[in-house]
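In our numbering, the protein residues as written are 155 to 383.
Even for Gly, the Cβ is constructed at its ideal location relative to N, Cα and C.
Structure, as structure tokens:
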């Protein structure tokens, strides 16, 4: 009896699901595929109709005091609670797969510089609407209609808005907030890269255009909502 010595391929660690498992599930011609896309639409719909500005004040919930621990917690949670920031980071992972992923991680440092600018010169008019417009810019970068270098001012603008909740805090809590923010965004970006890499390989140009269109639609909707509000 011949025993197979074939070893499974992939870079996933023992006990962790391979990212190819997710891509094969999403793109397999099974009966469950329509339900998966329906579930994704149901998850995305609250993001489209929610107001991203509501999530930009996590530090104000429960009247959080400017302490080191509260700064870290607020920084960790903020990218997950802001739908515009979350969507920007997820789409950034797709851009990173087209470029070098290290360049995308470096953008997070630019975001911190934008946060420092927000603490030094607060009160930029229309900042929320401009942040929403960065999703349109990112969609055009995904379609290679704009150069990726335009994401530098885009993520700096995100960092500017992210500094609003901690304006007026002392130096150490603000530094803790920045550390939590960098850790949260970096972890989210790395996980998204790990999950989306096999999916991106199977993504047709037509599907990429649909994704970019959805991204631009969210940005446009939120921009009009911010200007109207």
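Residue range of the unbroken alpha helix (DSSP H) whose run includes residue i
{"i": "residue 291", "result": "281 to 296"}
{"i": "residue 249", "result": "237 to 252"}
{"i": "residue 345", "result": "325 to 355"}
{"i": "residue 307", "result": "305 to 316"}
{"i": "residue 299", "result": "First-last for residue 299: undefined, no H or E at that position."}
Residue i, DSSP secondary structure in three states
{"i": "residue 391", "result": "An answer regarding residue 391 cannot be provided, because it is not within the stretch 155 to 383 covered by the chain."}
{"i": "residue 221", "result": "coil"}
{"i": "residue 362", "result": "helix"}
{"i": "residue 378", "result": "helix"}
{"i": "residue 278", "result": "coil"}
{"i": "residue 322", "result": "coil"}
Best match in the options for proximity to residue i [C-alpha to C-alpha]
{"i": "residue 382", "options": "343, 280, 355 and 235", "result": "280"}
{"i": "residue 275", "options": "315, 263, 307 and 359", "result": "315"}
{"i": "residue 370", "options": "236, 234 and 285", "result": "285"}
{"i": "residue 339", "options": "318, 258 and 311", "result": "258"}
{"i": "residue 377", "options": "218, 283, 235 and 302", "result": "283"}
{"i": "residue 312", "options": "298, 332 and 323", "result": "332"}
{"i": "residue 309", "options": "242, 324, 223 and 361", "result": "242"}
{"i": "residue 368", "options": "303, 238, 336 and 334", "result": "238"}
{"i": "residue 304", "options": "287, 318 and 319", "result": "287"}
{"i": "residue 363", "options": "346, 307 and 299", "result": "299"}
{"i": "residue 245", "options": "365, 318, 375 and 380", "result": "365"}
Residue i Cβ short of 6 Å to the ligand FMN heavy atom set
{"i": "residue 244", "result": "This structure simply doesn't include the ligand FMN, nor any ligand for that matter."}
| said: With a threshold of 8 Å, are at least 3 pairs of Cβ atoms found where one atom belongs to the segment 218 to 237 and the other to the segment 262 to 278? | reply: no
| Stretch-stretch touch, CB-based, cutoff 8 Å, three pairs: the segment 243 to 263 with the segment 342 to 360 | yes
| Three or more C-beta pairs closer than 8 Å, one from the segment 322 to 330 and one from the segment 284 to 304: is that the case here? | no
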